[in-house]
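Chemist: Please read through the structure below; I'll follow up with questions.
Next up, the structure:
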């Protein structure tokens, strides 16, 4: 999966190391502070979304950008999609919906140039990322129910299926 078929554009909402979560507000074209994380909890990598996609939660698909650097809200990054956590969550009425978390690396990365699939990541790092999302979901009284972990090919198939008409 080293070709163009697994490339995505990501817009960063919340930078690496941030102890607060931002959301992009399409109506105002601004980034809004959504919430503060508990003391000591920070985003392990830049977190954002794939424009012109629609996930099961009604928002664009979520992406964690695994990189040696942190950027800023609004930064646009050309990335290679390397995998996803297929996730189910329940809404406030208890109805299940999909809220997958995708993993990508920047095309310009110097450290992750050879990384093309999540299976190449150290298993301990993947476990830590899953633990972050599990704990983050608990902040909103949601359970992070992992269905399965997918590599680059399976993740790209999900993105293609979630691409909206605008894309």
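Numbering (this note's numbering), first residue to last: 1 to 167.
Glycine included, each C-beta is placed from N, C-alpha and C at the ideal position.
Is the stretch 65–80 touching the stretch 93–101, taking contact as three or more C-beta pairs under 8 Å?
Modeler: No: fewer than three Cβ pairs fall under 8 Å.
Chemist: Which whole-angstrom value is the C-beta distance of residue 48 and residue 151, which I expect to be below 8 Å?
Modeler: On the chain shown, position 48 is the one that residue 48 refers to. On the chain shown, position 151 is the one that residue 151 refers to. No, residue 48 and residue 151 are not in contact; Cβ-Cβ is about 21 Å, not under 8 Å.
Chemist: Got a sec, what are the start and stop residues for the alpha helix (DSSP H) residue 37 sits in?
Modeler: The residue given as residue 37 occupies position 37 in the chain shown. Run containing residue 37: none; DSSP gives neither H nor E here.
Chemist: Just the C-alpha distance for residue 149 and residue 57, rounded to the nearest angstrom, thanks.
Modeler: One-based indexing of the chain shown puts residue 149 at position 149. One-based indexing of the chain shown puts residue 57 at position 57. The alpha-carbon atoms of residue 149 and residue 57 are separated by roughly 19 Å.
Chemist: Tell me the rounded alpha-carbon separation between residue 41 and residue 15.
Modeler: Residue mapping note: residue 41 aligns to position 41 of the chain shown, counting from 1. Residue mapping note: residue 15 aligns to position 15 of the chain shown, counting from 1. Rounded to whole angstroms, residue 41 to residue 15 spans 13 Å at the Cα level.
Chemist: Flag this pair as yes or no: are the beta carbons of residue 159 and residue 9 separated by less than 8 Å?
Modeler: Here residue 159 is taken as the residue at index 159 of the chain shown, counted from 1. Here residue 9 is taken as the residue at index 9 of the chain shown, counted from 1. Not a contact, by the Cβ cut-off of 8 Å.
Chemist: When you compare each of 129, 25, 131 and 146 to residue 74 by their alpha carbons, which one comes out closest?
Modeler: Taking the first residue of the chain shown as position 1, residue 74 is located at position 74. That would be 25, whose Cα lies nearest to the Cα of residue 74.
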